[in-house]
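Chains as they are written, first to last, in the numbering used here: chain W, 8 to 189; chain H, 8 to 189. C-beta atoms are modelled at their ideal positions from N, C-alpha and C, and glycine is treated no differently. For reference, the structure is listed below as structure tokens.
Number of protein chains: 2
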Amino acid sequence: MKQEIARLGYALLGLLHGNPSSGYDLRKIFALTPMSTFSDSPGAIYPALRRLQRAGLVRGQVEGGSGSRRRQVFQPTSTGTAALKQWLTLPLEHEDVVRRMEELSLRFAFMDLVVGKHGSVRFLKSLERELKAYVPTLRRYLESMKAKMPLSSRLALENGIRGYETHLRWARAAVSAYEKEV
Amino acid sequence: MKQEIARLGYALLGLLHGNPSSGYDLRKIFALTPMSTFSDSPGAIYPALRRLQRAGLVRGQVEGGSGSRRRQVFQPTSTGTAALKQWLTLPLEHEDVVRRMEELSLRFAFMDLVVGKHGSVRFLKSLERELKAYVPTLRRYLESMKAKMPLSSRLALENGIRGYETHLRWARAAVSAYEKEV
DNA sequence: GGTGGCATGTAACCGGTTACATGATTAT
DNA sequence: ATAATCATGTAACCGGTTACATGCCACC
């Protein structure tokens, strides 16, 4: 019963939260908006919705009347919302920053609506803390290794580090944005 | 025979190029360097090496003498190097930037050694071209949607855009780095 | 003789990719 | 009528995750 939820599952839960949608609607989101990091393939989305439904995390209701392939609109159940909230409030760990930065971005996108401003700011501050620690270790690694690295490898690493530095600056700016707001 | 090669497969081919290593060596690279976006799990690496071997892309030779679990060092065959080169010189497409930016970074890291300065610069210029086109479309999307988006979603998108802007600035700086060099 | 590091492997499970397939409704 | 779009589905395949397992060697 307590099956794990995959990334796509959380993306769907987040999108459905406060926005009941059909599989087709969700596909269009993935196809036409910057959420296009996710695949809009039916082979990904419909099975994912079924899994969520079987796990009792979303409820679907068929719109209109006749026909075997009629539009079905999904929305999270209370357990679904709880699972989403639990995911959003998971403590941020070093590994998240190293290997799952995109997932963190996704989590943050849903925060306001589900866990509110406080949750969002708490998240940003722990992200800031992790990045503040991580960036210097990357810089040190680059310094100690660059003599032995080919230029493109060095530059690739530099690119990665700049990415993290950008995230860090962004996190600080985002905290200010919340402080300014209201 | 013409099986597709997964990302991990290319990562291994790239690391082995000019650097014959054992599975264990490769695991340590993934565990201890900024290549840690890849898993260092034996369940990922050893099967991947076997696949490459079966496909004739790497050749392994057992070091030392006795024992059933003796260190085995792999290196790319000429077909392996050809496959790597082919991957590295694949034309850069819009979809790569949208959905596979990390893969592009990985590709670039191996460029110098395999396709040389020319290949690296060509890659950077096409990356620059793609990003120069993509960033404004993201900015426009944000402008047109931000009124309807919760703050955290807006900020998450802003984060993504800044990431791409950073990549763009980096690509330009990287081209200069090549021009300055020799 | 026991701990820890070196070194390699396997198997169950699961989710995404790709490709194929169906059928209703709307627009030309 | 027929093409396009709405809308949902399935099945084979494949690779990564997780967990488990084996065995050698060095050192204390």
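**Report entry** Residue environment, Arg11/W, which counts as buried when at least 16 other CB atoms sit within 10 Å
**Finding:** Residue numbering aside, residue 11/W sits at position 4 when the first sequence is read from its first letter. Per the sequence presented here, residue 11/W reads as Glu, with Arg not at that position. Looking at its Cβ environment, which holds fewer than 16 other Cβ atoms inside 10 Å, Glu11/W is exposed.
Report task. Grab me the residues of Tyr53/W's own chain with a C-beta within less than 8 Å of its C-beta, minus the 5 sequence neighbours each way, in chain order. Result -> Position 46 of the first sequence holds residue 53/W. So the qualifying residues of the chain are Gly30.
Requested in this report: Classify Gly25/W as helix, strand or coil using the three-state DSSP reduction.
Outcome: Here residue 25/W refers to the residue found at position 18 when the first sequence is read from its first residue. In the structure shown, Gly25/W sits in coil (DSSP, three-state: anything other than H, G, I, E or B).
Report task. Could you tell me the boundaries of the alpha helix (DSSP H) in which Arg147/H lies? Result -> Within the second sequence, numbered from 1, the residue matching residue 147/H stands at position 140. Start and end: 108-152.
Requested in this report: State the start and end residues of the unbroken alpha helix (DSSP H) segment that holds Phe45/H.
Outcome: In the second sequence, the residue the question calls residue 45/H occupies position 38. Judged by DSSP secondary structure, Phe45/H falls outside any alpha helix (DSSP H); it is assigned neither H nor E.
Query raised in the report: Cβ of Ala105/W less than 8 Å from any chain H Cβ?
Result: Here residue 105/W refers to the residue found at position 98 when the first sequence is read from its first residue. Here residue 105/W turns out to be Val, not Ala, going by the sequence shown. Closer than 8 Å to some Cβ of chain H, the Cβ of Val105/W qualifies, so yes.
Query raised in the report: Would you report the Cα separation of Ala116/W and Ala62/W, rounded to the nearest angstrom?
Result: For the purposes of this step, residue 116/W is taken as residue 109 along the first sequence, with counting starting at 1. For the purposes of this step, residue 62/W is taken as residue 55 along the first sequence, with counting starting at 1. Cα to Cα, Ala116/W sits roughly 24 Å from Ala62/W.
Query raised in the report: With a cut-off of 8 Å, does the C-beta of Asp119/W fall near any C-beta of chain H?
Result: Start at 1 with the first residue of the first sequence, and residue 119/W comes out as number 112. At least one chain H Cβ lies under 8 Å of Asp119/W.
Requested in this report: Could you tell me the boundaries of the alpha helix (DSSP H) in which Gly30/H lies?
Outcome: If you number the second sequence from 1, residue 30/H lands on position 23. Where Gly30/H is concerned, the enclosing alpha helix (DSSP H) stretches over 30-39.
Report task. Assign Leu23/W to one of two classes, buried (16 or more other C-beta atoms within 10 Å of its C-beta) or exposed (fewer than that). Result -> Within the first sequence, the letter at position 16 stands for residue 23/W. Counting of Cβ neighbours within 10 angstroms places Leu23/W among the buried residues, the total reaching 16 or more.
**Report entry** Whole-angstrom distance between Ala163/H and Gly126/W, CA atom to CA atom
**Finding:** Working through the first sequence from its first residue, we reach residue 126/W at position 119. Working through the second sequence from its first residue, we reach residue 163/H at position 156. The straight-line gap from Cα to Cα measures roughly 14 Å.
Query raised in the report: With distances taken from CA atoms, which of Asp119/H, Ala140/H, Pro143/H, Leu134/H is nearest Arg179/H?
Result: Numbered from its first residue, the second sequence carries residue 179/H at position 172. Selected option, being the one with the closest Cα: Leu134/H.
Query raised in the report: Which of helix, strand or coil does DSSP assign to Lys66/H?
Result: Position 59 of the second sequence holds residue 66/H. In the sequence under discussion, the amino acid at residue 66/H is Arg, which differs from the Lys named in the question. Here Arg66/H sits in strand by DSSP.
Requested in this report: Could you tell me which chain W residues have their CB closer than 8 Å to the CB of Gly167/H, listed as they occur along the chain?
Outcome: Start at 1 with the first residue of the second sequence, and residue 167/H comes out as number 160. Near Gly167/H (Cβ distances below 8 Å), the residues of chain W are Pro41, Ser112.
**Report entry** Buried versus exposed, by CB contacts within 10 Å (16 or more), Pro83/W
**Finding:** For the purposes of this step, residue 83/W is taken as residue 76 along the first sequence, with counting starting at 1. In the assembly as shown, Pro83/W is a buried residue. Its beta-carbon has 16 or more other beta-carbons within 10 Å.
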